[in-house]
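Taken in order, the sequence shown gives residues -24 to -1, 1 to 441; the numbers are from mature numbering (1 follows the signal peptide of the UniProt record, and there is no 0). For reference, the structure discussed in these notes is given below.
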Amino acid sequence: MKKLGTFLLSFSLLIALFPQITMAAQDTNFEQDLINYLEQVSNERGFEVTKEDIALSLSYYEDSLENYNTVEELSQFLGEIIKADYSNVDSIYEQYELTEESLVQLLKENGEQLSDYIFLDDLDTAVYFYTEDGTFERDPNFEQNLIDYLADVSDQRGYNVTRDNVVNSLAIYESNLEDFESVEQLSDFLGEVIQADYSNLDYFVENYGLSQQELFNLLESNDENINDYIYIDDLDNTVWKYVGNDLSVMFEYLTEDLLPLFQEIDLTDEELKRFENHLISLEDHFSNPETLELLEQLNYELIALESDMNSQPTVEQMEMSLSILEKIFSILQLKASYSLVNDAIETPISLMDLMKMEVLEGTDLKVAFYSSEGQFLGDLIITEEFINSGLVTDLGEQIVDSAVEQPPVVQPKKQINTTQTLAEEYHTVKGGKLPKTASDYIPNALFGLFIVMLGIFMYGKVRTS
């Protein structure tokens, strides 16, 4: 039997679709790759760099080695290594108007020395704080530049944009004009302007599936108008408020990718709608901290099962799989019955007996799902041809790739890029490179768990490749 078969696919889907409660297993070669990386860093830096040194550098960003699946990801996050001859520190000299001697003196005044630093990013951050010292310096031409900026924004937006408009936009983020040293900084913060011809509203198609007309209708249904908005980010906040937590909308996006699978397992549109309504009814349940804690514990059990599973699962491992499945059913408030179908004759079978079977032996597997109250939701018909077709594996890889390339929409959040808060902003930028990010994409989690269910009762049917 293939190792976990489609169950491993399901586990991958769970990781891809529910990142806030999952931790991907590190590459089996991680430790050896780390040793090689440390040797490379030591050679470039000119002295021995240890694992503890790397851990210290990561701690600056409230990060740790355990958060990285591969050393390549780790290397990309840590960035460029300071050369032993400091030949690549010129950018810091230029940016902060320093020489090597004055840099050494600056660090010394703060109880540090150049040899304390291994990576350019860390040194750059330290020099910034030591030289800026939290001083706020307003551009003397701020007011004139603001007038010019408002004229430019007015031209782009197609109507007169005033100072009050900008003040109102900043208020959304609990900010004001006094927070910015320059108009350039202000412009960067406010972001892209909505064009007068609406030519840059594709963002909402790509991230929410809303066409231009659907976007306008959404605003109008909430007593708003597109002309109330000047900036894409502000409009994004509003759209998120109206549809970002709409499970039915998000459910539709995911089911589009899974449509080939649904067609193969004979899941009708009516049945899919019943599943959707059932999951949507659990929205409050999935906001409960106790439920999230159960999901996290389930994740740990999945990891433990995957790591211990050999090509031929033991009875104990099968029992563990059944236990995990029961917990998934409990969380999703579902019940299931299983039967083998041959010439329209259905023979009930237990899940344990089903998992022990090597092949379906010419029969089809029928799985009927009910809510915990007994309401019929739908049934799946799984044929041996489907199991051997590779569709599930191919589809899983496609969904996982899609999740990596186009992460789910997350609620927009701005930070003020002023001197006083730049430490937080810098930390956020670095944190953005972390291999695992948090998301409130609950529908993906729900459907990820649904696919896990499917994988569990299917994996026992997959024959050795």
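Where a beta carbon is used, it is the ideal one built from N, C-alpha and C, also for glycine. Source: prediction; values computed, not measured.
- By the neighbour-count criterion, in which 16 or more other beta carbons inside 10 Å mark a residue as buried, I123 falls on the exposed side.
- Contact between F6 and V47 holds: CB atoms are separated by about 6 Å, below the 8 Å threshold.
- Take N176, set aside five residues on each side of it, and the residues of its chain with a beta-carbon closer than 8 Å to its own are E168, I170, I208, in chain order.
- The secondary-structure analysis by DSSP pairs Y314 across a beta bridge with V343.
- Relative to the Cα of S313, the nearest Cα in the group S347, R21, L191 belongs to S347.
- Here F6 carries a helix assignment [DSSP, helix/strand/coil].
- Look at E48 here: in three-state DSSP terms it is helix.
- Here the alpha carbons of S130 and N198 stand approximately 25 Å from one another.
- Pairing N136 with V143 gives a Cβ-Cβ distance that is not under 8 Å.
- For S40, the CB contacts under 7 Å within the same chain, skipping 5 residues up- and downstream, are A31, L34 in chain order.
- Taking each of L330, P324, T267, Y276 in turn and checking the Cα distance to F305, the smallest one comes out for T267.
- Pairing E88 with Q132, the inter-Cα distance amounts to about 49 Å.
- The criterion of a C-beta distance shorter than 8 Å is satisfied by Y93 and I58.
- Per the DSSP secondary-structure output, D355 pairs in a beta bridge with A344.
- For L96, the closest C-alpha among the options S67, L83, Y37, N86 is that of S67.
- When only Cα atoms are considered, G55 and E85 end up about 26 Å apart.
- Boundaries of the beta strand (DSSP E) harbouring E322: 321 to 324, taken from the DSSP string.
- Residue state for F23 is assigned as coil, using DSSP reduced to three classes.
- DSSP, read as helix, strand or coil, puts V169 in strand.
- Just measuring C-alpha positions, the residue of H261, N253, L341, T359 sitting nearest F352 is N253.
- Unbroken alpha helix (DSSP H) runs of no fewer than 4 residues, entirely contained in the segment 46 to 113, are found at 47 to 54, 66 to 72, 76 to 85, 96 to 108, following chain order.
- Residue range 245 to 256 is occupied by the alpha helix (DSSP H) that includes E247.
- Excluding residues up to 5 positions away in sequence, L353, G354 lie with their Cβ nearer than 7 Å to the Cβ of R250 in the same chain.
- Restricting attention to V103, L146, Y174, Q16, the CA atom closest to the CA of Y72 is found in V103.
- Y207 is bridged by DSSP to V169.
- Minimum Cα-Cα distance from D115 among the listed residues D212, D210, Q309, V159 corresponds to V159.
- Annotation for V142: the continuous alpha helix (DSSP H) segment containing it runs 139 to 147.
- Judged by DSSP in its simplified three-state form, P265 adopts helix.
- Residue environment for D98: buried (at least 16 other C-beta atoms within 10 angstroms of its C-beta).
- With respect to the 8 Å criterion, I321 and K342 are not classified as neighbours on the basis of their beta carbons.
- I300 is classed as buried because its beta carbon has at least 16 other beta carbons within 10 Å across all chains shown.
- Residues of the same chain with a CB within less than 8 Å of the CB of S163, apart from the 5 flanking positions on each side, are Y125 in chain order.
- For a cut-off of 8 Å, the C-beta gap from D212 to I148 is around 11 Å, too long to register as a contact.
- C-alpha of S18 to C-alpha of L79: approximately 22 Å in a straight line.
- Counting other Cβ atoms within 10 Å of its Cβ, T101 reaches 16 or more and is therefore classed as buried.
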